[in-house]
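Listed in order, the protein sequences are those of chains U and S. With positions in the first sequence counted from 1, the corresponding number in the working numbering is that position plus 598. With positions in the second sequence counted from 1, the corresponding number in the working numbering is that position plus 734. We put the CB at the ideal spot given by N, CA and C, even for glycine. Computed from a predicted structure; not experimentally measured. These notes concern the structure reproduced below.
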Amino acid sequence: GQQLNQSPQSMFIQEGEDVSMNCTSSSIFNTWLWYKQDPGEGPVLLIALYKAGELTSNGRLTAQFGITRKDSFLNISASIPSDVGIYFCAGPTTKTSYDKVIFGPGTSLSVIP
Amino acid sequence: DTGVSQDPRHKITKRGQNVTFRCDPISEHNRLYWYRQTLGQGPEFLTYFQNEAQLEKSRLLSDRFSAERPKGSFSTLEIQRTEQGDSAMYLCASSSRGSIYEQYFGPGTRLTVT
Numbered sequence: 599g600q601q602l603n604q605s606p607q608s609m610f611i612q613e614g615e616d617v618s619m620n621c622t623s624s625s626i627f628n629t630w631l632w633y634k635q636d637p638g639e640g641p642v643l644l645i646a647l648y649k650a651g652e653l654t655s656n657g658r659l660t661a662q663f664g665i666t667r668k669d670s671f672l673n674i675s676a677s678i679p680s681d682v683g684i685y686f687c688a689g690p691t692t693k694t695s696y697d698k699v700i701f702g703p704g705t706s707l708s709v710i711p
Numbered sequence: 735d736t737g738v739s740q741d742p743r744h745k746i747t748k749r750g751q752n753v754t755f756r757c758d759p760i761s762e763h764n765r766l767y768w769y770r771q772t773l774g775q776g777p778e779f780l781t782y783f784q785n786e787a788q789l790e791k792s793r794l795l796s797d798r799f800s801a802e803r804p805k806g807s808f809s810t811l812e813i814q815r816t817e818q819g820d821s822a823m824y825l826c827a828s829s830s831r832g833s834i835y836e837q838y839f840g841p842g843t844r845l846t847v848t
C-alpha cells in the first residue's frame, strides 16, 4: 500500500543552525501535512500543503509540496531548543474508500544549546 | 481552551482486563479519528467517525476493540481482554468539514498492560 519515508531518521544540530528534512513516497499525494510531536503529547499540526510547488511558511518553518507530488520538504531556520521533538509528514491515501491520512515514521530532532 | 481532550492520560491495567478511553473533539468538528502509536512509529489509523457514523475501521482493530460516538460529540474506545501487545499511546483527532485532512490531535492516552 501507500507508504511514506522520512529522512533523516534523526539529527543532532547546534542551536542557531538551519534544519532540512524530507518525506518521500512512491505514490502521488494531493495533500501534505507536517506535524511536530513532543514526548508524551499528541502531534501538533504545523503546516498543510495543497498544491504542487506550493511553498508555505509558519514562523521559522517553511514547507514545500514537491513538483512530482511524491515528496515534501520541511525547513526550520535558526533552530532553538524548543524545536526538539519528532517531526512527522502525513498525507491522505487514495487507496481506501475514504481519505485516510497516513503518517511517516518521523524525523527526531535534537538541538544542542 | 477548546482543543481535543482525552481521558485518562495514563492507564495501567492487568492483562485480561477491559479498559475504556474517552475523547472530546473540538466542538465544531464533525469528524473524529482514533489512532494507535507505538514507540518510534508514526500514528497508525484505527477508526473514523463522521458525526455518529463509524465509516472505516482498520484491520488493526481486532474484535476486542470497539469504538462509539453515540451523539456525534464525544467518542469512546474500549479494549476488551487486554493483551500486552495493546500497550501503546492511543490518540484521538478531529477535523472539520472545511478542512478534512487538517486533523487536530488530543494529548493521547498512554496504556500499559502488565
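Rounded separation between residue i and residue j - CA only
{"i": "Ser624(U)", "j": "Leu766(S)", "result": "28 Å"}
{"i": "Ala650(U)", "j": "Lys698(U)", "result": "20 Å"}
{"i": "Glu790(S)", "j": "Leu811(S)", "result": "14 Å"}
{"i": "Tyr835(S)", "j": "Ile746(S)", "result": "32 Å"}
{"i": "Gln775(S)", "j": "Leu707(U)", "result": "15 Å"}
{"i": "Gly819(S)", "j": "Val847(S)", "result": "8 Å"}
Any chain S beta carbon closer than 9 Å to residue i
{"i": "Phe663(U)", "result": "no"}
{"i": "Glu754(U)", "result": "In this structure chain U extends from 599 to 711, so residue 754(U) is not present and cannot be described."}
{"i": "Lys698(U)", "result": "yes"}
{"i": "Val642(U)", "result": "yes"}
Beta carbon proximity, residue i to chain U, threshold 9 Å
{"i": "Ser828(S)", "result": "no"}
{"i": "Gln740(S)", "result": "yes"}
{"i": "Phe799(S)", "result": "no"}
{"i": "Arg905(S)", "result": "There is simply no residue 905(S) to check, as chain S begins at 735 and stops at 848 in what is shown."}
{"i": "Gly832(S)", "result": "no"}
Coil, strand or helix - residue i by DSSP
{"i": "Gln740(S)", "result": "strand"}
{"i": "Gln604(U)", "result": "strand"}
{"i": "Gln612(U)", "result": "strand"}
{"i": "Gln818(S)", "result": "helix"}
{"i": "Ser907(S)", "result": "Residue coverage of chain S in this structure runs from 735 to 848, which leaves residue 907(S) outside it and unanswerable."}
{"i": "Thr848(S)", "result": "coil"}
{"i": "Phe627(U)", "result": "coil"}
Residue span of the beta strand (DSSP E) that contains residue i, given as start and end
{"i": "Lys748(S)", "result": "Lys748(S) -> no beta strand (DSSP E), and no H or E assigned at all."}
{"i": "Thr622(U)", "result": "617–623"}
Margin query: Suppose only complete runs of 3+ residues qualify. What are the beta strand (DSSP E) ranges in the segment 637–708 of chain U, listed by chain order?
Written below: 642–647, 653–656, 659–663, 669–674, 683–690, 699–701
Notebook entry, point to check: Which runs of the alpha helix (DSSP H) fall wholly inside the segment 759–814 of chain S and span at least 4 residues, in chain order?
Noted result: none
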